[in-house]
Amino acid sequence: MDDLTQLPFFRPFPHEALAGLAATARWLHFSEGQTVLEHGDAPRDVYFVATGTLRVVSRGSGGQELILNDIGPGAVFGELAVIDGATRSAGIVALTSSKVCALPAAPFLAFVLATPAASLHLMRSLVGLIREKDTRLFELSVLPVRARLISQLLRLARPRTQGGRIVSPPRTHHELASRIGTRREVVSRAIAALQRERLLEQAKGGLILPQPVLLEQELREAWRLVGGN
């Protein structure tokens, strides 16, 4: 059943408090590869991910693409444009079949402004977004490509039962390049070097990091050399 309380943002609130807002909600379904929002769209709604995975992308005037983030159930997007009234600063594409709840800007903002707990929740969410963007911007500005690639692989990886970590499903060199702000050819060379050093293995199920501790040590050293944390 489509119910706002299934979304983490609204879970703390009773149904009665959400009745007016729920009446305005639209539950939308997107198939894999479908565009949810375009960069520059008008800020009519704020969106909450119920199921599926979506990608946040930014495109330059020359057509180059930078992958900003992948988001899943519980995530909120479109809130920045709704708050300041500006057009969308990034596009959203469904990576998998996804269900999203869209709430019109005016009733959502009215609910947040009238509900201190919702205001605090939204502020904390925005602070987390700012911190994450600051970290990514600093990383893109000061770290060499190899260190940026290692950082991205560690972020994407999860523990592997046979030891080490794995990035699964496997990511193309083009995607990894889009995530760290470089060209595919540069990523291909960096991956080849990591493979020669036995720090990365390509398998059918994904990219295996057999010695993640060594990668973490190298990343810490890269940050030390540029004066980061």
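Start counting the sequence shown at -3; every next residue gets the next number (this note's numbering). Even for Gly, the Cβ is constructed at its ideal location relative to N, Cα and C. Note that the structure is a prediction, hence the values are computed from the model and not measured.
Less than 8 Å between C-beta atoms, sequence neighbours within five positions excluded: which residues of the same chain meet that for residue i?
i: residue 36; result: 83, 84
i: residue 63; result: 51, 52, 53, 171, 174, 175
i: residue 115; result: 108, 109
i: residue 191; result: 197, 198
i: residue 189; result: 142
i: residue 7; result: 1
i: residue 55; result: 35, 61, 62, 87
i: residue 159; result: 206
Grab the span of the alpha helix (DSSP H) containing residue i for me, first residue to last.
i: residue 158; result: That residue, residue 158, is in no alpha helix (DSSP H); it is neither H nor E in DSSP.
i: residue 185; result: 180 to 192
i: residue 13; result: 11 to 18
i: residue 221; result: 208 to 222
i: residue 173; result: 169 to 176
Looking at residue i: is its Cβ nearer than 9 Å to the Cβ of residue j?
i: residue 99; j: residue 219; result: no
i: residue 106; j: residue 33; result: no
i: residue 208; j: residue 150; result: yes
i: residue 112; j: residue 20; result: no
i: residue 121; j: residue 215; result: no
i: residue 47; j: residue 94; result: yes
i: residue 49; j: residue 68; result: yes
i: residue 156; j: residue 177; result: no
Starting from residue i and walking both ways along the beta strand (DSSP E), at which residues does that stretch end?
i: residue 54; result: 50 to 55
i: residue 22; result: 22 to 26
i: residue 197; result: 197 to 199
i: residue 46; result: 41 to 47
i: residue 205; result: 202 to 205
i: residue 33; result: 31 to 33
Got a sec? Which residues, its chain only, sit under 7 Å from residue i by beta carbon, not counting five neighbours each side?
i: residue 117; result: 5
i: residue 154; result: 161, 162
i: residue 101; result: 39, 40, 41, 42, 78
i: residue 90; result: 26, 27, 28, 29, 30, 32, 48, 50
Thinking residue i and residue j are a contact (beta carbons under 8 Å), I'd like their distance in whole angstroms, please.
i: residue 97; j: residue 3; result: 6 Å
i: residue 28; j: residue 92; result: 6 Å
i: residue 0; j: residue 17; result: 7 Å
i: residue 164; j: residue 201; result: 5 Å
i: residue 256; j: residue 221; result: Past the boundaries of the shown model lies residue 256; the chain is included only from -3 to 225, so the question cannot be answered.
i: residue 203; j: residue 166; result: 6 Å
Residues in the same chain with beta-carbon distance under 6 Å from residue i, minus the five sequence neighbours each way, listed in chain order, please.
i: residue 43; result: 73, 74, 96, 98
i: residue 169; result: 180, 183, 184
i: residue 142; result: 186
i: residue 77; result: 39, 84
>> If we require 3 or more residues per run, which beta strand (DSSP E) segments fall completely within the stretch 66 to 130?
In response: 87 to 90, 94 to 100
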